[in-house]
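Number of protein chains: 4
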Amino acid sequence: MIDYQSILNSIYNKVIQDKDKGQIATYIPELANVDKNSFGIHLQLISGETFSVGDSEKKFSIQSISKVLSLAFAMSKVGTDIWNRLDVEPSGNPFNHMSLLELEKGIPRNPFINSGAIVIADILVSLLDNPKEDFLTYVRDLTGDASIDYNYKVANSEKQTGFTNYAAANLLKSFDNLNNDVVDVLDFYFHQCSLEMSCEQLTKAFYVFANKGNCLFEKTRLTKSQAKRINAIMLTCGFYDEAGEFAFEVGLPGKSGVGGGIVALLPNKFIISVWSPGLNERGNSKLGMQALELFTTQTNQSIF
Amino acid sequence: MIDYQSILNSIYNKVIQDKDKGQIATYIPELANVDKNSFGIHLQLISGETFSVGDSEKKFSIQSISKVLSLAFAMSKVGTDIWNRLDVEPSGNPFNHMSLLELEKGIPRNPFINSGAIVIADILVSLLDNPKEDFLTYVRDLTGDASIDYNYKVANSEKQTGFTNYAAANLLKSFDNLNNDVVDVLDFYFHQCSLEMSCEQLTKAFYVFANKGNCLFEKTRLTKSQAKRINAIMLTCGFYDEAGEFAFEVGLPGKSGVGGGIVALLPNKFIISVWSPGLNERGNSKLGMQALELFTTQTNQSIF
Amino acid sequence: MIDYQSILNSIYNKVIQDKDKGQIATYIPELANVDKNSFGIHLQLISGETFSVGDSEKKFSIQSISKVLSLAFAMSKVGTDIWNRLDVEPSGNPFNHMSLLELEKGIPRNPFINSGAIVIADILVSLLDNPKEDFLTYVRDLTGDASIDYNYKVANSEKQTGFTNYAAANLLKSFDNLNNDVVDVLDFYFHQCSLEMSCEQLTKAFYVFANKGNCLFEKTRLTKSQAKRINAIMLTCGFYDEAGEFAFEVGLPGKSGVGGGIVALLPNKFIISVWSPGLNERGNSKLGMQALELFTTQTNQSIF
Amino acid sequence: MIDYQSILNSIYNKVIQDKDKGQIATYIPELANVDKNSFGIHLQLISGETFSVGDSEKKFSIQSISKVLSLAFAMSKVGTDIWNRLDVEPSGNPFNHMSLLELEKGIPRNPFINSGAIVIADILVSLLDNPKEDFLTYVRDLTGDASIDYNYKVANSEKQTGFTNYAAANLLKSFDNLNNDVVDVLDFYFHQCSLEMSCEQLTKAFYVFANKGNCLFEKTRLTKSQAKRINAIMLTCGFYDEAGEFAFEVGLPGKSGVGGGIVALLPNKFIISVWSPGLNERGNSKLGMQALELFTTQTNQSIF
């Protein structure tokens, strides 16, 4: 029997001593104001038990982690037609994301690079009566927590300065792979990314992927096959240009965000969320990556 | 003594017999409505004489040819500081213009690719009190013709559908190489490109480059060095991905536009404009290219 | 209790009816001569049982599948130093593998793209007294089968026509990431790729990766961590530009070769090999991919 | 009447005072041994007069300048068929020459990038009975100087370490755009590049391009059209990634080499060669570029 609480405690004690905590994302003022020493872990076993350490109940900006939730929402509504508009291959190349989109004629490589998530946002904007409200309800229902909300300041900052995303959305539109107005799609997208959740809430939200599509608080939300496929995409594409490294070092499907959060999971076993706002040079939480590597090494659990 | 009129006549008679007149640009309705059989040439010698044939006085959308005029206007106002924000190298690669901009961190390769012309537009928007009015006055002054005007329908069509340009402008802005709002810069840019001029008017406007910076109707507009340098950029970058081919086959500095116009010149000798709206696969006037090749071959005149 | 034999039989009966069996690789004569109707599956459970159907004992050219075996051999000898010379990220881009190598200054993206496997070959050529003999012994030991051998005709054909590999090896050398002579390294590499094995033999060889580093016939060959990491690389990089698709559709670590073979495995559960020589447009066995997708769907087993 | 000797003298006196003389190419030992303070200019007017200053009679490795001579030789023998195998467009992108070749399926962008010059070398190896001897004879005849010779040490050094060229040649071969063996073609190519000539000799050799195809010492060597076209390629492609800059600053067709030589010419007027072995960051002679810019500014002569 694994003593998870001791393991979390020892990871916490080890990792927070690292003097180099990485760099906090500063491209919008709201992200820059976070305390760099924040650190939390929350672990939920499928069997029901939960464990936590540090700032596990403090909310932070989940940013790109939201892409998994919007993909799940879109897949549950559209089914496989979604894959006519984007691919599921790792993007590989950190140098020229815009060019990849150009070379591949407006078909994003996968739903977790920005252009792919923007296509998912476009799909949701077309489908939903009140996109922002409906998506928020979806996340609250998944998590069983009505207190979850957007950070409107963060969303507005991105609306005013997210020029790369405007570039990507316009390029998608030039290839006829965006049905709604750029401004409307990005308004939804920036709100989606501004969601604030704690490690504990994220763990609950991702329960559905570890539990064959059945979420923690309600009836089935995804088919078993959809949950499996989202896990596959998390593993191959969940960490920007460090996806291979994460699979190699940690060995779990997962997703990171520039707010410093990471969620990872072992299907049928557990979901774990870590938060530490300092990022490594590839844009993933520096201490978060270390903590997850220690966790899978010490518990000897991974998909491989 | 060369009999220019006979040469123009023989070129006209030969070229208009070509059954494959290329493809008219159709990405905005206003361009698609042009008569494919239109064809005109106007030749102006520095010594004063002029010669013409066909539809040489019919106006058409000069589109990218306007980039030479906006560059000249910006250079005359800013001087060499302009080259901190863009380069003068041929772009070479037809596959991934957006990526080139990414790889080179927002510094456009030259002022005649769209991203470069957008930077020039940004410079003019910053400098001018009434950018659209002032630029129009500049072109009218250069040409000595107050009838020249924008086509507002064309400009508005581009404003609504020019997504690739919005993508490029936003990418420039993400690299801090655009000082004004994307919408303001592109409003100016789309108007600039919508200018309508005839072969005769274009020839007059480009007189300044062939005549060491002294324009046809007024006092000096450019220094000798500026005129020379603009000619150099026209030669190396004036024909999209066909610049090398044009230098190789024709051997003159020049500039083409998707409206089917081409202007070329031999410094201190002549300026020649051709218009035929059908484009070859590289986006340059198909018959226009042929006509200019015949002209330099038959008159045995080129810079090389 | 799953009736594996019935499942293999039903997959076999379904898949061989597909009229479009893909295209056999023809770039060397020896590969082109294979019977397109060949089809075999072999399944080995970690618990000991084996199941098979069709041409499961017929040998074929394993080609790129050998890259997993050479990587394992190198890792068992060198340890983590190997990762100074190559990365573990998916390559993503099908258009310009050579350029990726250029952009990343001679550090191959992962050990399963050709340039990466050539670096592994270089490491083995440096380490081994008799590279070709020693590697053959390693594979025979892993498989417990001394009948396994190179196909010298195939190796020689590649030596004479494998110009892309010569280009990659020379480019690596220009970046100082190849210590031995190009010709020596590629001689080893082409032999390695020419190995001929049956589905049954491949399954035995890959037992070590599914069984925590302990191979079928001998004492430990890899540490548990090494086996886990090789599985991670197979999952993220094992199928050229279809790695994401394979993870998405099949959900197992695996490796394919242009000879039409595929091996895949579920750690601690099973190893499965399929062979059908016709390839899909991305270079993986067309029917093999279908068979594995059916297998994981019908047995409801995958890492996700 | 321009006093050319005074101008050359004043340029010489000004330029040699520059303390930053650039970096000598050191990738082969033979190039690294040159005296960094060497500096020479030779000017030949079409009217017959010659002027010189400094080390104008000292021989150096002409390297890439030889590509103009091999192109001229091939064009004089093959005619326009040569352009089925390569293009005449500027290459533009310094980052990924190998990838450009990949993207464009083995058709080099122009005859002055290495892959293009290797195709020209292949053409000559196919055509000539004794390629190295015949090409040497051609250059000697053009120059009227039988003392010109290869530097066999330089050629041999390149044969042993020119891995990027082996990579390019193999990539060409993988695209069926190399008819002879890689080793044979590169043996010729490396000898061609190892030619040693002085500024004076280079000026004589390039007389043919400035004089409508008629060389200095013999009967016609090129048609007028061929000379004109080679000049066009020099202007658009003669200075690696600095072609646009050279056209912009100097305004003459020309060609540089990593040995520190540059030749440039004004058709029907003059040919000028400069040599200073230190290179700027783009691989062109640092002081040589400055000297030529001063020359065209002070004499007020350029093609534009």
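Chains as they are written, first to last, in my numbering: chain A, 3 to 306; chain B, 3 to 306; chain C, 3 to 306; chain D, 3 to 306.
All C-beta atoms in this analysis are idealised placements derived from N, C-alpha and C, irrespective of residue type, glycine included.
Self-check item: Terminal residues of the beta strand (DSSP E) in which Q46(B) lies
Solution: Unbroken beta strand (DSSP E) run through Q46(B): 42-47.
Self-check item: Closer than 8 angstroms at the beta carbon, the chain D residues around Y191(C)
Solution: Here the premise fails: no neighbours, minimum Cβ distance about 14 angstroms.
Exercise. Output the boundary residues of the beta strand (DSSP E) element that contains V90(B).
Key: Taken as a continuous stretch (DSSP letters only), V90(B) belongs to no beta strand (DSSP E), as it is neither H nor E.
Self-check item: G24(C) and K257(C) closer than 7 angstroms at C-beta
Solution: Contact flag unset, no.
Quiz prompt | Among V141(D), N213(D), S58(D), nearest to S49(D) - alpha-carbon criterion | solution = Ranked by how close their Cα comes to the Cα of S49(D), the residues V141(D), N213(D), S58(D) have N213(D) in first place.
Quiz item: Name the DSSP beta bridge partners of W277(B), please?
Solution: Under DSSP, W277(B) shares a beta bridge with G42(B), G263(B).
Self-check item: Outcome for G81(D) when other beta-carbon atoms lying within 10 angstroms are tallied against a minimum of 16
Solution: Per the 10 Å Cβ criterion, exposed.
Quiz item: For chain D, is any of its Cβ atoms less than 7 angstroms away from the one on T238(B)?
Solution: Cβ-Cβ to chain D under 7 angstroms: yes for T238(B).
Practice problem: State yes or no: is the C-beta of F53(C) within less than 7 angstroms of the C-beta of Y14(C)? | Solution: At the C-beta level, F53(C) and Y14(C) stay beyond 7 angstroms of one another.
Quiz item: Counting along the chain, where does the beta strand (DSSP E) carrying G56(A) start and finish?
Solution: Run containing G56(A): 52-56, per the beta strand (DSSP E) assignment.
Practice problem: Select from S58(B), I109(B), I115(B), L73(B) the residue whose C-alpha is nearest the C-alpha of A229(B). | Solution: The residue with the shortest Cα to Cα distance from A229(B) is L73(B).
Exercise. Give the range of the alpha helix (DSSP H) segment to which S258(B) is assigned.
Key: The continuous stretches of alpha helix (DSSP H) do not include S258(B), which lies in the beta strand (DSSP E) extending over residues 256-258.
Exercise. Run down chain C in chain order and give the residues with a C-beta less than 7 angstroms from the C-beta of Y242(D).
Key: At a C-beta separation below 7 angstroms, Y242(D) has no neighbours in chain C, since its nearest C-beta there lies roughly 16 angstroms away.
Exercise. Have a look at H44(A), S66(A), S68(A) and flag the residue whose alpha-carbon is nearest the alpha-carbon of K60(A).
Key: If we check each option's Cα against that of K60(A), H44(A) comes out closest.
Quiz item: So who's on the other strand from I235(D), going by DSSP bridges?
Solution: Per DSSP, none; premise fails for I235(D).
Quiz prompt | Residue-level contact to chain B via CB, K230(D), 7 angstroms cutoff | solution = Yes - at least one Cβ of chain B is within 7 angstroms of the one on K230(D).
Practice problem: Mind the definition here: the region 160-174 of chain A touches the region 185-195 of chain A only if three or more C-beta pairs lie below 8 angstroms; say whether that holds. | Solution: Yes, they touch.
Quiz item: Do the region 224-241 of chain D and the region 28-42 of chain D touch if we need at least three Cβ pairs shorter than 8 angstroms?
Solution: Because the criterion of three Cβ pairs below 8 angstroms is not met, the region 224-241 of chain D and the region 28-42 of chain D do not touch.
Quiz item: Taking Cβ-Cβ distances shorter than 7 angstroms, what residues in chain C pair up with K175(D)?
Solution: Within chain C, the residues near K175(D) are F165.
Quiz item: Residues in its own chain within less than 8 angstroms of S159(C) by CB, not counting five upstream and five downstream?
Solution: Around S159(C): I30, P31, E32.
Quiz item: Hey, how far is the Cα of A249(C) from the Cα of T238(C)?
Solution: Looking at the two C-alpha atoms, the distance is approximately 8 angstroms.
Quiz item: Is N286(B) near the ligand NAD, with its Cβ less than 6 angstroms from a heavy atom?
Solution: The ligand NAD is not among the ligands present in this structure, which contains no ligands whatsoever.
Quiz prompt | 4-residue-minimum alpha helix (DSSP H) runs that sit fully inside the region 158-213 of chain C, ordered along the chain | solution = DSSP runs (the alpha helix (DSSP H)) wholly in the region 158-213 of chain C: 165-176, 184-195, 201-212.
Quiz prompt | Other residues of its chain near V141(C): CB distance less than 7 angstroms, five sequence neighbours each side excluded | solution = Result list for V141(C): L71, I150, L197, A207, in chain order.
Quiz prompt | Cβ-based neighbour list, S200(A), same chain, cut-off 7 angstroms, excluding 5 preceding and 5 following | solution = Apart from the 5 residues on each side of it in sequence, S200(A) sits with its Cβ closer than 7 angstroms to the Cβ of S58, E59, K60, K61 in its chain, given in chain order.
Quiz item: What residue does the alpha helix (DSSP H) around F250(A) start on, and which one ends it?
Solution: Taken as a continuous stretch (DSSP letters only), the alpha helix (DSSP H) holding F250(A) covers 245-251.
Self-check item: Proximity winner among A34(C), M291(C), K79(C), relative to L224(C) (alpha-carbon distances)
Solution: The candidate whose alpha carbon is nearest that of L224(C) is K79(C).
Quiz item: Any C-beta of chain B sitting closer than 7 angstroms to the C-beta of F53(D)?
Solution: With 7 angstroms as the cut-off, F53(D) does not count as an interface residue toward chain B.
Quiz item: Roughly how many whole angstroms lie between the Cα atoms of K35(C) and Q46(A)?
Solution: The sequence given here places Asn at residue 35(C); Lys does not occur at that position. Going from the Cα of N35(C) to the Cα of Q46(A) covers about 55 angstroms.
Quiz prompt | CB contact below 7 angstroms: M291(C) versus chain A | solution = With 7 angstroms as the cut-off, M291(C) does not count as an interface residue toward chain A.
Practice problem: Look up L268(B) in the DSSP assignment and give the residues it is bridged to. | Solution: Beta-bridge pairing links L268(B) to F272(B).
Exercise. Could you say which of G118(B), I64(B), L103(B) lies nearest to V90(B) if we only look at CA atoms?
Key: It is G118(B) whose Cα lies nearest to the Cα of V90(B).
Quiz item: Can you tell me whether T205(B) is buried or exposed, with buried defined as 16 or more other CB within 10 angstroms of its CB?
Solution: Its Cβ being crowded by 16 or more others within 10 Å, T205(B) is buried.
Quiz item: Going by DSSP, which residues form a beta bridge with I26(D)?
Solution: Partner(s): G280(D).
Practice problem: Would you verify that the beta carbon of E104(C) is, or is not, closer than 7 angstroms to some beta carbon of chain D? | Solution: Chain D, which has a Cβ nearer than 7 angstroms to the Cβ of E104(C), makes this yes.
Quiz item: Taking 7 angstroms as the CB-CB limit, is V168(A) close to chain B?
Solution: The amino acid occupying residue 168(A) in the given sequence is Tyr; Val does not appear at that position. Yes - at least one Cβ of chain B is within 7 angstroms of the one on Y168(A).
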